[in-house]
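Participant: Residue numbers (my numbering), protein chains in the order written: chain A, 1100 to 1457; chain B, 25 to 347; chain C, 3 to 440; chain D, 494 to 765.
No residue lacks a Cβ here, since even glycine has one placed at the ideal position from N, Cα and C.
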Amino acid sequence: MLYRESGQFKTSYDADQAVFPILQDRLCIIAILAFAFLAVPFFINDYWANAVLIPFLVYSLAALGLNILTGYCGQLSLGTGGFLAVGGYSSFKLMTSFPELDMILVLGGAGVTTALVGLLFGLPSLRIKGFYLAVATLAAQFFLIWLFYKVPWFYNYNATGQINVFPREALGFLVTTQKADPVVRYLFTLSIVVVFALAAKNMVRGRFGRMWMAIRDMDIAAELIGIRPFLMKLTAFTVSSFYIGVAGALIFSVWLGAAESGETYGINESFLVLFMIIVGGLGSILGSFLGAGFIVLMPIGLKNLLVDWFGMSAVFAKHLEITTFGVLIIFFLIVEPHGLARLWQIIKEKLRLWPFPH
Amino acid sequence: MLFFMETVISGLLAGIMYSLVALGFVLIFKASGVFNFSQGVMALFAALTLVGLLSGTVPFTHVDNPSFAIPAWAAIPLTIIVMIIVAILIERFILRHLVNQEHIILFMAMVGLSYVFEGAGDIIWGSDVKVIDLGLPHGAWDWLLDTHGLYIEKIELVAAAAAVVLVVVLAAFFQKTRIGRALRAVADDHQAALSVGISLRYIWIIVWSVAGIVALVTGVVWGAKSGIQFSLSLIALKALPVLILGGFESIPGAIVGGLIIGVGEKLAEVFGGEVIVAIFGRWFEIDPGIFTATENWFAYVLALIFLLFRPQGLFGEKIIERV
Amino acid sequence: MKLRNWLVAAAAAVVAMPLAAVSASAYELTIPSMDYRTGPYAPNGIPFANGWTDYWTMLNERDGGINGVKIKVVPCETAYNTKQGVECYEKTKKEGSGALVYQPLSTGITYQLIPKASVDNIPIHSMGYGRTSAANGKIFKWVFNFPATYWSQASALVKYIGDKEGGMGKLKGKKITLVYHNSAYGKEPIRTLEELSKKHGFKFTALAVDHPGQEQKATWLKIRRDKPDWILMWGWGVMNQVAIKEAASIRFPMDHFIGVWWSGSENDVKPAGAAAKGYLSGAFHQPGKNFQVHRDILKHLYDAGKAPHPDFKDRVGEVLYNRGLVAALWGSEAVRAAMKIHNTKEITGAMMRDGYEALDVDAARLKELGAEGLTIPVKITCANHEGPRKVAVQQWDGKAWKIVSDFYDPDMDVIQPLIDEDSAKFAKENNITPRDCK
Amino acid sequence: MNMMTQTSITDDGRTIGGVQMKVDNISLRFGGVTAIRNASFDIRHGEIRAIIGPNGAGKTSMLNVINGFYHPQDGTITFKGEKRRDMRPHIAATQGIARTFQNVALFKGMTTLDNIMSGRALKMKRNILWQMLYVGPARQEELENRKFVETIIDFLEIPHIRRTPVGKLPYGLQKRVELGRALAMEPELLLLDEPMAGMNVEEKEDMSRFIIDINEEFGTTIALIEHDMGVVMDLSDRVVVLDHGDLIADGTPDEVQKNQDVIDAYLGVAHD
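#1: If distances are taken between C-alpha atoms only, which option among D:D535, D:G510, D:G524 comes closest to V733 of chain D?
#2: Measuring CA to CA, which of C:S35, C:F148, C:K347 is closest to T94 of chain C?
#3: Just to confirm before moving on: does the CB-CB distance between Q288 of chain C and N242 of chain C stay below 8 Å?
#4: Determine, using beta-carbon pairs with one atom in the region 1231–1251 of chain A and one in the region 1155–1166 of chain A, whether at least three such pairs fall under 8 Å.
#5: Please confirm whether P83 of chain B has its beta-carbon closer than 8 Å to some beta-carbon of chain A.
#6: If we ignore side chains and look at the alpha-carbon of each, how far apart do V1274 of chain A and F1134 of chain A end up?
#7: Are the C-beta of N89 of chain B and some C-beta of chain C separated by less than 8 Å?
#8: Just to check my reading of the structure: S154 of chain C and R317 of chain C have Cβ atoms closer than 8 Å, yes? What is that Cβ distance to the nearest angstrom?
#9: When you compare each of D:L666, D:M678, D:I715, D:S701 to G723 of chain D by their alpha carbons, which one comes out closest?
#10: Quick check for students: name the residue ranges of the beta strand (DSSP E) that lie wholly in the region 610–691 of chain D, counting only runs of 3 or more.
#11: Tell me the DSSP secondary structure of D1443 of chain A in three-state form.
#12: Between T84 of chain C and chain A, is the shortest Cβ-Cβ distance under 8 Å, so that the two count as touching?
#13: So, under 8 Å CB-CB, G271 of chain B and G277 of chain B are touching, yes? Tell me the CB distance rounded to an integer number of Å.
#14: Per DSSP, what kind of secondary structure is M36 of chain C in: helix, strand or coil?
#15: Are any of the Cβ atoms in chain C nearer than 8 Å to that of N1149 of chain A?
#16: DSSP three-state call for C384 of chain C: helix, strand or coil?
#17: Less than 8 Å between C-beta atoms, sequence neighbours within five positions excluded: which residues of the same chain meet that for F1265 of chain A?
#18: Name the chain C residues that come within less than 7 Å of D1145 of chain A, Cβ to Cβ?
#19: On the CB-based measure, 16 or more other CB atoms within 10 Å of its CB, does H653 of chain D come out buried or exposed?
#20: Please report whether the beta-carbon of A164 of chain B lies at a distance below 8 Å from any beta-carbon of chain C.
#21: Report the neighbours of N269 of chain C on chain B: residues whose CB is nearer than 9 Å to its CB, in chain order.
#22: What span of residues does the alpha helix (DSSP H) with M241 of chain C cover, start to end?
#23: Between T1363 of chain A and V1157 of chain A, how many whole angstroms is the CB-CB distance? I'm expecting something under 8 Å.
#24: At 7 Å on the CB atoms, spell out the chain A contacts of N184 of chain C, in chain order.
#25: Quickly, what does DSSP pair D362 of chain C with across the bridge? List them, please.
#26: E197 of chain C versus chain A: which residues are under 8 Å apart at the beta carbon?
#27: In angstroms, rounded to a whole number, what distance separates the CA positions of I1319 of chain A and L115 of chain C?
#28: Is any beta-carbon of chain A found at less than 8 Å from that of I370 of chain B?
#29: Given that H86 of chain B touches chain C, what residues does it touch there, using C-beta distances under 7 Å?
#30: What does K290 of chain B touch in chain C if you count any residue whose Cβ is under 9 Å from its own?
#31: So which residues on chain A does E635 of chain D lean against when the C-beta distance must stay under 8 Å?
#32: Is K305 of chain C helix, strand or coil when you go by DSSP?
#33: Shorter than 8 Å from the beta carbon of R1284 of chain A to some beta carbon of chain D?
#34: Which bits of chain B does Q294 of chain C rub up against, with CB to CB less than 8 Å?
#35: Can you have a look at M514 of chain D and say buried or exposed, based on whether 16 or more other CB atoms are within 10 angstroms of its CB?
#36: To be precise: take each residue of the region 310–338 of chain B, compare its Cβ to all Cβ atoms of chain E, and keep it if any distance is under 7 Å. Which residues remain?
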């Protein structure tokens, strides 16, 4: 009976409309945030920051973005990698064109640029649906990657097309390059992701969320109640690309520090982020985090398990890891096609009854 | 002019190579509504298995033992048997549990499956470049090159022939045999097929086996060009634009789509830069070299443009929406 | 619930991570090995990783390490993927007594690690790849890219072409086409070749091939139409094999087709079979296993059953194997130099850097090491991290690679300004004051 | 039949106004098949209008034409004085036409509350930036609309399923939620496509009661398709009868019942 909502009466619609209407949820989220902001900084080192936490956070952000488009609005996209690239390269251009610009504005600018590009590539969704649209978004993926290799303006005419980050500050703190304290980089990324997650939650529980879901569940009926499907799909493309653009900029500037179009933002990224939202749960904010956690941590965890514990050779472990990754994905889809978020709900429902069996 | 013809012919032949990959996708989509993303890796796996048998590689050790080498006449049927076993396993462990799931779930399961194939292929056969030697011809068709100055690669003619044979065999299979007719019934209506006593599981195993055989042909033909290695699995990405162009459920669509894509992307890569310079050159200074390496995206953009006019693909059926 | 099993496994895996870092005992020389034995480039990654690992392991088995200190090779699989490369770097840099040198083995990963190197005080040896302007040791203190960069190589290959044409003056009006992998790596030689084409008056065209390079018919149709006199190739992975086949198919003379030294391994020519005969590529070391060091490796590792990857016995001596081996050989010499300079057996990454900077492996020393004639003498200075800058051309005779030319010096008149310009830009952007190298 | 300006009072004291919608000579064809042939009728303010006919008569097609989902080849529709041939469905929604469907068209992944709230889509105007922040006007707007929706939920007696995803609800309740969603649009004309199909007697009585209440309390004009003749005769003020795309009768329930064409075409045939 630890987790119960009976006895918690709402006296206003306002309270009922809150982000986390149930007290235990609220406490839980406060505890997680407190841990993330106050406790984690004390024990992270380069490894935790660069290999685990920052990747987890930026992928969560990208997954949030894709979840808005695919999970909420029902438009399958395989162009995520391309949009991440737009974010990364536009942040590079902004950083070099305006060296004094605060990193927060750089990220915002990268987001807006990506949103516009997303809008453009969302236009075909007027006529194309389902898998046909998914394959059409691959056009965006491949075209954008190619563009960033081929047009030297994007990488300031350097010899190779590799872009590098420079020391830049956000609100007076150095957040980019390896010289920045990993704690600062982690906290910076965390703050951005938390703000964006909250904004996403606000959107999806309000008018836009309902309209997107209406399009997803039955676009014809949605149109008959006055929702304009095309407009809503475009909004979803735009908002989703904004999120993905910021994530792409973070990948380049805060996490990796250098990027190369096809290498950093290739088609693989598109699939990984899609995996995240499917494993985590389509149409769930929490799911985006769970999925990103699973996809980012699982290979690292498996690798450590196989190599360090079982003493396998690195190469055999890698092959086994790839196979296991595939097996786990399939296993998951079979056991719970609605993702980890649904699993969490089931656990919550069990907790509601615990310790009584019924 | 000769060069233009050469480009078009090369495009057509390359297109057939794409069609070969797309064919596997179409077969499975038609019969089970599954978008089998793992078709590319299946081609790799099938080809690896064949090479492994031909050269006597001991599975899991990656060491060749010539005394285990099996001649081609035995190795090919053996590989086909392996692919049938794979089909049975896929049905038993994946499809059976995912009946009636949404398309996207099935799709992701197939992407997951492609990881399994990749890892398994590496573990069993190793990740080196393998050379397949089935006596397929190499190089240009000398007679044509010497007498007419026209350059066509022999391996691509073989691929075209293989594609034609496959399509004829498949058409005959679908039209003439009892199983083939059952397959078409399933494609039209799962429920109805079930009600007249066609076992869905049986049907699935059959289509996946057939797709496995198509994968083997694809793997061998593509592998002859580049050696058999991991990159072979990426040919799946070449087949997707062909699929959206031709429609997911149409075998003629896969062929025609492949031809259009093949010719389109070759023309774009060869003449695209010059065309762009000719059009915009008077306003901007453009390096024609900028329009190279377009083959990855041009096919998709071409398919996208087609789609804007026919959202269901060239041969797809028109979707009528009702409430 | 079936899920329970999975949850337990997942929890265990996550718990395993922090534990993984715990392993501190006696001092060992920690050498990370950034392998890529999986993914699209595995066929090239495997022999290099074997060469690198085998040499270090052989030192342990034959000599008991270096000056009595054991070597610990820590493999980490990157799959040629930048992100996994970063994870590997962070995981291995504190391993044991601290990693001594990174051989990142990918342009992408090298670019990631360059800024990290100066912070973590671990040198990087991007041997003939990575950032070319890192040759300037005044600015890139922690990065070494000897024995020659891509720019030097491009220039040397053009010199070879000039030789074959009968003098650099004959290059005028000739057509040279570059077929390159559409990536940072592939683009490296373009600027150098453009400069050289201005200087020598040859017509230069660059044709990109997109990753992975499975299908490049159109590129070769263009080549067939344009009929260049020479083709240079900056290819990687499956792109090489397909390109060589296509070239053979259009009957391009193979002895006018030169690959970069990453396009010149056994893997690249095998699928084309006999048709690849005559194909050329850059080189800075000999192929084959007729060296004492190979005999030692076979004796102490493979025949003694101590080889880390025993199934690759018959591939000892391949081009890429020898490249990994040479890298390890120079690395071990840097260890010795570092021990000598700092007069300690427990060296750190920073000391290792000093060792690299004082590296001097001449022909006599190579002979002592059992590698007489295997590669060129190397001497590194504070200002010059590119070392000897010498490139030869090797040829595939249908069965094996053979060096068929002298070692060429690049045209530093053209390259030095490019290096200075690029490194100065990097210094400016990152607020680095160039070192004074006296 | 000129009633353009006429206002009349029904037996139960409701006011029926002038013509709200006029359908003129509408013809709709799919390829070679004619779904509706030259149909003309009108709907007056505040009345309950029934459209009946055997299966395949073109009833649902007629509703689809009225709210813009199908585009007729001939004829015009005049709604609130505005004459047109066709339009986009969301325009129909802005003009005040709401609709329920024969086979419930709810948003299955969303809760009852969200489904009905989505009917308020047109009433809410705050842009996405306000939404992200969820403060000030956006919050205000959300709460006001929530309040309105709660009155509908109370009205339809479904507060207990407020948070249930509609996909899990029984069919009868789904129909009720769908009605709620249409009501949330505050429509002037409500089109109901077989609101009682597949319901038991008790549920049918509830639904009838809701329809009458909506009509009486909100003064909403209702056009409904229904197969249950008893219900049709009880509820409606006037009835249109379609048969194979032809309009064969139009009048009060009594008149229609006596019409020989209707008896031949429809009542003569066994109905369910």
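Facilitator: The structure says:
#1: D:D535
#2: C:S35
#3: no
#4: no
#5: no
#6: 21 Å
#7: no
#8: Incorrect: roughly 29 Å between the Cβ atoms, too far for contact.
#9: D:S701
#10: 682–686
#11: Residue identity check: residue 1443 of chain A is Trp in the sequence provided, not Asp. Note: W1443 of chain A maps to helix in three-state DSSP.
#12: yes
#13: 4 Å
#14: strand
#15: yes
#16: coil
#17: M1194, T1195, P1198, T1275, T1276
#18: E92
#19: exposed
#20: yes
#21: D152, V153, G251, Q253
#22: 240–251
#23: At roughly 12 Å, the Cβ-Cβ gap does not stay under 8 Å, so T1363 of chain A and V1157 of chain A are not in contact.
#24: Y1248
#25: C:K381
#26: Per Cβ cutoff of 8 Å: no residues; E197 of chain C is ~11 Å from chain A at best.
#27: 52 Å
#28: Residue numbering for chain B in the displayed model covers 25 to 347; residue 370 of chain B lies beyond these limits and cannot be assessed.
#29: D313
#30: K219, A220, L223
#31: Q1116, G1305, R1306
#32: For the sequence presented, residue 305 of chain C should be read as Asp rather than Lys. Residue state, collapsed to three classes: coil.
#33: no
#34: By Cβ distance, chain B contributes nothing, its closest Cβ being about 27 Å from Q294 of chain C, past 8 Å.
#35: buried
#36: Among the protein chains of the structure shown, namely A, B, C and D, there is no chain E.
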